[in-house]
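Beneath this line is the structure, given in structure tokens, with notes to follow.
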Amino acid sequence: MSDAKTAMNLRFPDPAQRAAIAAAAKQAGVSMQEYILSAAYDRATAVERRFLDGFKASMARSGAAFAVEPGSLDPSAEQREAEQEARRELEQHQERGHAA
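Read in numbering that gives the first Met the number 0, the sequence shown has 31 at position 32, and its numbers run on one by one without any break.
Rendered as structure tokens:
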């Protein structure tokens, strides 16, 4: 495949930015394309790792919440009222569904 078809179009509106990237790529011993792609890949995998770490922490919190004995929970009066209201709304919705 020719280089013209595989080459990235590297346009930089800021000449200083281009020079900085070119210098960093030269110091790393790679082409500008490879340097930019490698940096993009590193950034994407860092975001992925951060997401997965957050997801694992969330799963651990959820697991701990479900592991709590039901009798040891003492919901507040506001929480009990909200749950009862939600149940009433659900029952009303179900009744309307059966009447149709």
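Each residue gets a CB set at the ideal place from its N, CA and C atoms; glycine is no exception. Just so you know, these numbers come straight off a predicted model, no measurement behind them.
Q: Kindly indicate which three-state DSSP category L36 falls into: helix, strand or coil?
A: helix
Q.
I need the DSSP call for M0, collapsed to helix, strand or coil.
A. Low confidence applies here, because M0 scores a pLDDT of 42, under 50, leaving its location unreliable; read the following figure in that light. Three-state result, M0: coil.
(Q) Pop quiz: Y34 and A24 are said to be a contact at Cβ under 8 angstroms. What is the actual Cβ separation, rounded to whole angstroms? (A) 4 angstroms
Q) Out of curiosity, what's the CA-to-CA distance linking S1 and R10? A) Unreliable placement is indicated for S1, whose pLDDT of 44 sits below 50; the coordinate value is still reported in the next sentence. The straight-line gap from Cα to Cα measures roughly 20 angstroms.
Q.
Let me confirm a value: A3 is counted as buried when at least 16 other C-beta atoms fall within 10 Å, else exposed. Which label applies?
A. Summary for A3: the model assigns pLDDT 48, below 50, so the residue's position carries little reliability; its value from the coordinates is reported in the next sentence. Answer is exposed; the Cβ neighbour count stays below 16.
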